[in-house]
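In what follows, a structure is listed as C-alpha cells, so that the remarks can point back to it.
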Amino acid sequence: MSIGSVRSGRIQDNSPIIASCNGPRSTEVTIETAAPVSSLGLVTLPPTRTYPFDLVFGPEADQAMIYNDVVHPLLDEVLQGYNCTLFAYGQTGTGKTYTMQGDLNPTPMGNPSANAGMIPRVLFRLFHQLESSVADYSVKISYVELYNEELRDLLAPELAAPSGTVQPMGLGGPKDNNQAGLKIFEESNKKGVFIQGLEEPSVKDAADALSLLAKGSHRRQVAATKFNDHSSRSHSVFSITIHTKETSSMGDDLLKVGKLNLVDLAGSENIGRSGAENKRAREAGMINQSLLTLGRVINALVDKSSHIPYRESKLTRLLQDSLGGRTKTCIIATISPARSNMEETLSTLDYAMRAKSIRNRPEVNQRMTRNSLLKEYVAEIERLKSDLLAAREKNGIFFSEETWNQMTAENELRQTEIEEAKKQVEIVEGQMKAVREEFEQSIALLMRKEGELKETREKLRGTEEELQTTTGQLRAAKGALEEEVVVRQAYQSSEAALDEVARGLKGVASDSIKDLGRLFEKLERKSEVLGSNSQAVQTHTKAISGDLQGLESSLADLLKTSGERTSRLKTLIDQYRSKELQSLSSQSKAIEEQVKRFQSSVQILEAKEEVSSEAVKALEAGIASLLGNLKTSWQTWTQEVHSSHEELSKGLSASTLHTTKSVENVMLSLHTLLERTISEAHAFIESERTTLTEVKTMTDATSTREIARLREQNKLFAKLLESEKAKSQRAQDELLERVSGLITSFAAERDRSLRASFSQLQTENAAAEAGVTQFNDEVGRKAEERVIAGKEWRVGLERRESEGKRARDGTLKTLSSVNASITNGLSEMQSSMSTSFASYSSNLQRETQSVQASSNTALDRIHRAKRARLETTNSMGTDIQSSFRSLQRGVAGTSRNIETMSDQVSSETTSIRDTTAAYHAAATERLASARQSASVLLDKGTRRDTPTGTTPRKRSWSYKDQWETTKDREAVLKSWRQRNISEAGNETFLAEHLPLPSESGESDGAVVVLAGGGYPRAAAPFAGTCITYSLVYS
C-alpha cells in the first residue's frame, strides 16, 4: 500500500515522476515509458502506458482508506467461513512492510494509530466484531518467516529477540544444526498444507495479539541497504484462525472456521544498485529466486498449464491454496514513481496484470456439528481397536503398514521432542535464575509503579475534568464556526452586489472621460478667441491709458494746487484764531492780577485801620460793585467778542471747508469717474487676462496637485516604510523581552498604521477627483462671464461720460457761491468787531468814572485818619489806568489782524477759481479722446466663439447609486437562527472529517493499486516516495 522510501545513494531524490493517477482513488495508473525528447526547442511528450486495475490509490491516500476499501471486505468474508489471503508484492523500499504492519503502538484511547498497517487494523476490527456479535469464539494466530528457503517460527518461546539490525541466521530453529527446522506437510483431505510444530497460541483480545505481533516483528530478519535502512530480508506469513459457534435452525451447534493469511513478501532488488555484498547478496539471491518461482506459478496458472511448479519453492507451497485454489486472494502491488526505478515499476505492473487473470474457486469451510465430531472420534477408536485385535490374533505385534509408518514417524517425532525438551529444561533452568532476579527487581519496580499509578490516576481525573471542559469549548467552537460560515456567505453576497455596482460605475467613468476630452477641445477654441480679444484690447487700451494718465496727472496737479491753497488758507485762519485768543487771554490775566493786587491792598487797609472800617466797607462795597460790574462787563464783552469771533471763524471756516469740500468732491467725483473708467478698462483687460490665467492656472494646478499628490503618496509610502522599519526594529527589541505579550499588539499596531496610511491616500484620491470635476465647471463658467462682462463695460463707459458732464457744471456753480459767501462773511465780521469794541470802551469809561467818584468820597472820609493809605489808593488807580490803556491797544491790534486776514482769504479764493477752470478745459479734451478709444475697443475687442456642436451637453447618467451592504453580524446570525439552517452540524462535521471504516463488503475479487502515498510525510519512516498497488484475485 502507500509510501515507502528511496535512499539518496544510487537513486536521486529529485528523480522525475513517471507515475500518475487521478486523485487518491481511481481505477487506472499511467506510466511514462521513456523520457521526453527536446528538438529545436520543441519538447515531445513521452510515450505512456496505462494499466487498469480494480482500485488505484495515489499519494493522497492513507492507511484507513486502503483498509476500508480493500481489507475490511476480506475480514467479513473470513467471518462467514472463507479462507482469505492478502499479500504485498513490489520492489524493495516501496512500503510493503509499512502497508502490512505500520505503526503497532495504539492511541491512548486504545484505537489503532493513523499510521497503523493492515494487520493491526484487522486485529482491532476482528475482536470488535466478535465481541459485539458472537457469543462463543476462539482466535489463534501464527507468525512464520521464510528466510533463505528456511522456515522459522517467530512466536517460538525459545527464539531470542534480535540485537541490532542484523540477526543471526537460524535462531528460530534448534541449536543443533543437524536437526531440521519446521516442515511443510500436505493435509490429509488435500485441501492445503500445514506446518509441523508451528506454534498457534490463542489470543483473547487485540492487545494480546498485538504484543505477539510486535514480538515476531522484532525477531524478523532486517538489514540496511542503499534502498532502505530497515529492509526486510525474509518473507513473512501472519495467519489468523477464527472458530465461531452458531446454532442452526434445527437447534444443533455448528462450528464455523475461517482463516486469514497476511503475507509480507520481501522486495525484489537489483544487487548492483542495492549495494548488497556477501551475506546480503546471498539473501537477495534467495529472495529473487523465490519471487521468480512465484512469477512462474502465476504464468502457469494464467496459461492454464497442466503442471504448476508449487514445490519448487517453499513460498509457492505456502501460497498454493491462495493461487488458483479455494482461497479468496487480494494482491497489493507497490511501485516507485521515480524514473530511476522505471524497470522495476513496469515489471511489477506487468506481474500484477498477469496475476489479475488468475481465477480462484473460493469455498466456505465445512461446518461440523457436534454429532459429526463424535462420529469422527468413534471411527478413530474403532480403527485403533482393529489394529489391537489383529496384533493379538497373530500372537505378536502386528500393525498395518500405514499404522506402522505413522507410529514410526510419531516415535521419531517424540524422540526429537524429548531431546529438544531436555535442552529446553537446561535453557529453562538458566532462564529461571534470570527470571528470579528479574522477579525480585520486578517486585521493587511494581511497588514504585503502584505509587506512580496512584499519581497517574489523580492526573487522569484532572484530565477527564479538563476533557469535559474542552468538550464544552469544542461545542461552542463548532457553533461559532457555523456562525462564521453564515457571516462569510453574507459578505460574499454583498461583495458580488458591490462588484456589479463597480462595473456600472466604471462604464460611467469611461463616458465621463470622453466628455472631458471634448471639453478640453472647447477650452482650446475659447483660448484662441480670448487671445484674439486680448490682443485687440491691449492694442487699443494703450491710447485710453495715455489719455487717462494725462487726465489723471492734471487732476493730480489740480488736487495738489487746491490742497496747498486750502491748507495755506486754513493755516492763516488757525494762526489768526490762536493769536487773538492768546492776546485776549493775556489781557484777562492782567486784569485778574490787578484785581488781586487791589484786593490785597484793601485787606491791608482793613487790618491797620479799624477806625476807618466803615469807610473801608463802603469803599469795598463800591469797589466790589465796581469790580463786579467791571468783571461782568468784561466777561460779557469777552464772550461777545469771542462768540462773534468764533461765529465768524466758524462761518468762514465752514464756508471755506464747504468750498474746499465741494471742490474736493467735484475733483474726487471726476477722479473717481476717471479711475472707475480706467479701472473698468483695466478690469476688463485684467478679467480677460485673468480668465486665461485662471484657465491655465487651473490646468497647471490640476496637474500640479496630481503630481504633488503622487509625490506626497511616494513620500508617504517612504515614510510609512521607514516608520514600519523603525516600528519593526522597536518591536523586535521589545519582543525579545516580552514575546508572548507583544505579538498581538505588534500585529494590531501595524494593522492600524497601515489602515491610517491607506485611508489618507484614499482621501487624497477622492479630493483629486473632486478637483478635476470643479475644474471643468470653472472653465465653462469663466467663458460665459467674459461675454457678459464685455457688454456691461460698454454700457458703463457711456454712463461715466454723462456723469463727468454733470460733475463739471456742478463744480462751476459751487465755486461762484463760495466766493460770495466768503466776501459777505468777512464784511460781517469787520462790522461786528468795530461795534463791539466801541460799546465796551464806553461801558468801561462809565464804570471808571463811577469808581473814581466813590473812591474820592471814601478817601476824603478816611484822609484824616490815615494819610499813609492815600499812596496805596493812588497806586491802585494808576494800575487800573495802565490796564485800560493796555486793553485799548489790544483791541486796535485785533482789528488790524482781521483786515489783513480778509484780504488773504479773498486772494486764495480767486486762485482756486482760476485753477479749477483750467482743469475743466483739459479734462473735457481728455474724456473725448478716451470715449473715442473705448468705442474702437468695443468694436474690435468682442470677437465671439463659433459653436461646433461637439461640446457634450448636460445629461443624466444611468448607474446604480444605491446598494445594500452586509447587515451587522447579530442581524445576519439572527436571520440564520430563525431559518434554523446549519451548514456543518457537529456530528456531520465529524463524520465528514473523520470517516468511520466502511461496512460494505466487496465481491469475490478486486484489484487495488496504490500510487505513491499511504502515510503522512512526517510519519513516513524513510525519505523518498513510492507508489503502491493492490490486486485481488477471485
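Counting from 1, one number per residue, gives the positions in the sequence shown under UniProt numbering. Ideal Cβ placement from N, Cα and C applies to all residues, glycine included.
Secondary structure of residue i, DSSP reduced to three states
| i | result |
| --- | --- |
| residue 489 | helix |
| residue 91 | strand |
| residue 114 | coil |
| residue 1092 | Any question about residue 1092 goes unanswered here, given that the chain covers just 1 to 1034. |
| residue 364 | coil |
| residue 120 | helix |
| residue 283 | helix |
| residue 52 | strand |
| residue 1001 | In this prediction, residue 1001 scores a pLDDT of 39, lower than 50, which makes its location untrustworthy; the coordinate-derived value is nonetheless stated afterwards. In this structure, residue 1001 counts as coil in the three-state DSSP scheme. |
| residue 358 | coil |
| residue 377 | helix |
| residue 105 | coil |
| residue 429 | helix |
| residue 979 | helix |
| residue 35 | coil |
| residue 145 | strand |
| residue 962 | coil |
Euclidean distance between Cα positions of residue i and residue j
| i | j | result |
| --- | --- | --- |
| residue 487 | residue 975 | 11 Å |
| residue 138 | residue 244 | 7 Å |
| residue 119 | residue 345 | 25 Å |
| residue 85 | residue 328 | 6 Å |
| residue 28 | residue 461 | 52 Å |
| residue 512 | residue 690 | 28 Å |
| residue 106 | residue 490 | 44 Å |
| residue 80 | residue 71 | 15 Å |
| residue 16 | residue 89 | 23 Å |
| residue 441 | residue 450 | 14 Å |
| residue 1037 | residue 320 | This structure cannot speak to residue 1037, because the chain is shown only from 1 to 1034. |
| residue 201 | residue 469 | 44 Å |
| residue 341 | residue 18 | 10 Å |
| residue 926 | residue 537 | 19 Å |
| residue 915 | residue 541 | 30 Å |
| residue 472 | residue 481 | 14 Å |
| residue 125 | residue 265 | 23 Å |
| residue 115 | residue 210 | 15 Å |
| residue 102 | residue 117 | 4 Å |
| residue 527 | residue 534 | 10 Å |
| residue 792 | residue 559 | 31 Å |
| residue 434 | residue 152 | 25 Å |
| residue 963 | residue 33 | 59 Å |
Environment of residue i [buried if 16+ CB atoms lie within 10 Å]
| i | result |
| --- | --- |
| residue 923 | buried |
| residue 121 | buried |
| residue 141 | buried |
| residue 500 | exposed |
| residue 250 | exposed |
| residue 303 | exposed |
| residue 73 | buried |
| residue 221 | buried |
| residue 58 | buried |
| residue 216 | buried |
| residue 596 | exposed |
| residue 180 | Interpretation of residue 180 is limited by its pLDDT of 46, a score under 50 that renders its predicted location unreliable; the figure taken from the coordinates is listed afterwards. Classification of residue 180: exposed, given that the 10 Å Cβ count is below 16. |
Cβ-based neighbour list, residue i, same chain, cut-off 6 Å, excluding 5 preceding and 5 following
| i | result |
| --- | --- |
| residue 291 | 268 |
| residue 147 | 221, 234 |
Residues near residue i by beta carbon distance below 8 Å, same chain, minus five either side
| i | result |
| --- | --- |
| residue 1106 | Here the chain has residues from 1 to 1034 only, and residue 1106 is not among them. |
Cut-off 7 Å between Cβ atoms - residues of its own chain near residue i, not counting five sequence neighbours on either side
| i | result |
| --- | --- |
| residue 930 | 544, 547, 548, 677 |
Contact with chain C by residue i, beta-carbon distance below 8 Å
| i | result |
| --- | --- |
| residue 103 | In summary, chain C is missing from the structure at hand, where a single protein chain is found. |
Contact test: residue i Cβ vs the ligand MN heavy atom, cutoff 7 Å
| i | result |
| --- | --- |
| residue 24 | You won't find the ligand MN in this model; it holds no ligand whatsoever. |
> Quick one: complete alpha helix (DSSP H) runs, 4+ long, within the stretch 305-342?
Replying inline: 314-318
> Residue ranges of each beta strand (DSSP E) run of no fewer than 3 residues wholly in the stretch 545-570, ordered along the chain?
Replying inline: none
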